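What follows is a single structure, written as structure tokens, with notes after it.
There are 2 protein chains.
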Amino acid sequence: MTSVKSNKPTEGELEILQVLWNNNKASVRTVHETLLKVKDCGYTTTLKLMQIMFKKGLVSRDDSNKIHIYTANVTREKTQKQFLNKMIDSLFAGSSTNLVLQALGNHKTSNEELKKIQVLLNQLKQTK
Amino acid sequence: MTSVKSNKPTEGELEILQVLWNNNKASVRTVHETLLKVKDCGYTTTLKLMQIMFKKGLVSRDDSNKIHIYTANVTREKTQKQFLNKMIDSLFAGSSTNLVLQALGNHKTSNEELKKIQVLLNQLKQTK
DNA sequence: CTTTAGCTACGAAATACATCGTATATAATG
DNA sequence: CATTATATACGATGTATTTCGTAGCTAAAG
Numbered sequence: 340m341t342s343v344k345s346n347k348p349t350e351g352e353l354e355i356l357q358v359l360w361n362n363n364k365a366s367v368r369t370v371h372e373t374l375l376k377v378k379d380c381g382y383t384t385t386l387k388l389m390q391i392m393f394k395k396g397l398v399s400r401d402d403s404n405k406i407h408i409y410t411a412n413v414t415r416e417k418t419q420k421q422f423l424n425k426m427i428d429s430l431f432a433g434s435s436t437n438l439v440l441q442a443l444g445n446h447k448t449s450n451e452e453l454k455k456i457q458v459l460l461n462q463l464k465q466t467k
Numbered sequence: 340m341t342s343v344k345s346n347k348p349t350e351g352e353l354e355i356l357q358v359l360w361n362n363n364k365a366s367v368r369t370v371h372e373t374l375l376k377v378k379d380c381g382y383t384t385t386l387k388l389m390q391i392m393f394k395k396g397l398v399s400r401d402d403s404n405k406i407h408i409y410t411a412n413v414t415r416e417k418t419q420k421q422f423l424n425k426m427i428d429s430l431f432a433g434s435s436t437n438l439v440l441q442a443l444g445n446h447k448t449s450n451e452e453l454k455k456i457q458v459l460l461n462q463l464k465q466t467k
């Protein structure tokens with residue numbers, strides 16, 4: 340039996356994953372520079388975090404050159420699911436519909452987006 | 340200008356809020372007993388957590404009797420919004436639609452629920 | 001070749017959080 | 001009245017997370 344831990348990434352790790360997902364791969368420098376637009380911390384902080392993520396297996400890296408290049412080991416989708424499920428459980432009484440309704444209600448959504456949702460909704464109705 | 344901190348409740352706090360929301364108000368004993376179904380910890384742990392929440396202003400309490408009765412100071416809806424927004428930001432590239440699509444796609448949703456969503460969707464389309 | 005700039009490694013401190021043990025007060029029980 | 005059960009208060013510990021400073025390596029610039 341293989342150990343199934345699959346720990347959620349932390350806040351800080353999530354911010355870094357975000358950059359890696361957007362760029363496909365990135366150096367510490369790039370990640371740090373990007374994060375600076377959002378938060379404020381030293382370069383070595385970002386570095387350390389990414390090193391920890393590497394040790395955890397959350398990211399891979401190519402260290403054949405001086406500048407190490409990192410890539411995410413988890414997909415955005417898988418992580419989204421992970422957090423969504425957690426959230427549905429702990430905040431929406433287990434009902435994904437509640438979450439959807441709340442999310443739809445909160446934000447103003449463009450016509451384009453409403454269409455996308457309608458399409459998916461139709462598909463779901465089909466399969467019934 | 341009033342200080343706008345509004346810190347997110349932690350995991351543990353969320354579990355407690357959940358019970359308070361469901362029961363409207365509750366003693367430490369009740370909260371603890373309920374939590375035991377889900378997690379495993381000592382009574383004083385729950386107590387301490389609730390005391391901290393009180394100090395933070397996350398909950399109120401009636402301590403006129405020996406058994407203190409707690410109530411949530413934040414609504415479920417407000418907290419849901421808080422977490423949803425955070426999540427949309429950090430995991431869904433700012434698009435609530437992405438979140439909705441992902442949430443709908445993951446779980447199997449009953450016909451009843453699909454209808455509810457359809458109703459809201461129609462309303463949103465109307466207001467365009 | 002020496003200096004400088006940029007990089008990684010790593011220990012250490014600061015912070016946040018969850019957990020528990022012990023002290024103390026008080027109501028209920030016998 | 002003494003004992004027991006049940007409350008709250010609170011300090012202390014353990015662990016996770018974040019942050020930073022410093023050391024050491026190497027390539028580029030002078």
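Residue numbers (my numbering), protein chains in the order written: chain P, 340 to 467; chain U, 340 to 467. Glycine is no exception: its CB is placed at the ideal position from the N, C-alpha and C atoms. Since the model is a prediction, treat every value here as computed from it, not as a measurement.
Nearest residue (CA-CA) to residue i, options the options
{"i": "P/Asn404", "options": "P/Val367, P/Val413, P/Phe422 and P/Thr436", "result": "P/Val367"}
{"i": "U/Gly433", "options": "P/Ile406, P/Lys387, P/Lys447 and P/Lys425", "result": "P/Lys447"}
{"i": "P/His407", "options": "P/Asn346, P/Gln457, P/Leu463 and P/Lys364", "result": "P/Lys364"}
{"i": "U/Val358", "options": "U/Lys464, U/Ile456 and U/Thr410", "result": "U/Thr410"}
{"i": "U/Val377", "options": "U/Glu350, U/Leu438 and U/Lys417", "result": "U/Glu350"}
{"i": "U/Ser449", "options": "P/Lys417, P/Ile456 and P/Leu463", "result": "P/Leu463"}
{"i": "P/Thr384", "options": "P/Lys395, P/His371 and P/Lys394", "result": "P/His371"}
{"i": "U/Ser456", "options": "P/Gln441, P/Leu386 and P/Gln465", "result": "The sequence as given places Ile at residue 456 of chain U; Ser does not occur at that position. The option with the nearest alpha carbon to U/Ile456 is P/Gln441."}
Cross-strand partners of residue i (DSSP beta bridge)
{"i": "P/Ser399", "result": "P/Thr410"}
Whole-number beta carbon distance between residue j and residue i, since they are thought to touch under 8 Å
{"i": "U/Leu423", "j": "U/Asn412", "result": "Incorrect: roughly 20 Å between the Cβ atoms, too far for contact."}
{"i": "U/Ile427", "j": "U/Leu388", "result": "About 28 Å; that fails the 8 Å criterion."}
{"i": "P/Leu460", "j": "U/Leu453", "result": "6 Å"}
{"i": "P/Glu352", "j": "P/Met392", "result": "6 Å"}
{"i": "P/Trp360", "j": "P/Arg415", "result": "5 Å"}
{"i": "U/Gln419", "j": "P/Leu430", "result": "5 Å"}
{"i": "P/Val439", "j": "U/Val458", "result": "Contact flag wrong, Cβ pair sits at about 12 Å."}
{"i": "P/Ser435", "j": "U/Asn346", "result": "In fact, because the Cβ distance is near 26 Å, the residues do not count as touching under 8 Å."}
Problem set entry | alpha helix (DSSP H) runs contained entirely in the segment 362 to 393 of chain P, provided each spans 4 or more residues | 367 to 375
For this session: Would you list, in sequence order, the uninterrupted alpha helix (DSSP H) runs of no fewer than 4 residues that lie entirely inside the segment 412 to 447 of chain U?
Result: 415 to 430 and 435 to 445
For this session: Select from the segment 406 to 426 of chain P all residues with a C-beta closer than 8 Å to any C-beta belonging to chain U, and list them in chain order.
Result: Arg415, Glu416, Thr418, Gln419, Lys420, Phe422, Leu423, Asn424 and Met426
For this session: Using a Cβ-Cβ cut-off of less than 9 Å, give me the residues of the segment 432 to 445 of chain U that come near chain P, in sequence order.
Result: Ala432, Ser434, Ser435, Thr436, Asn437, Leu438, Val439, Leu440, Gln441, Ala442, Leu443, Gly444 and Asn445
Problem set entry | Residues of the segment 381 to 393 of chain U with Cβ closer than 7 Å to any Cβ of chain P, in chain order | none
Problem set entry | Interface positions of the segment 452 to 465 of chain U facing chain P (Cβ-Cβ less than 8 Å), listed along the chain | Glu452, Leu453, Lys455, Ile456, Gln457, Leu459, Leu460, Leu463 and Lys464
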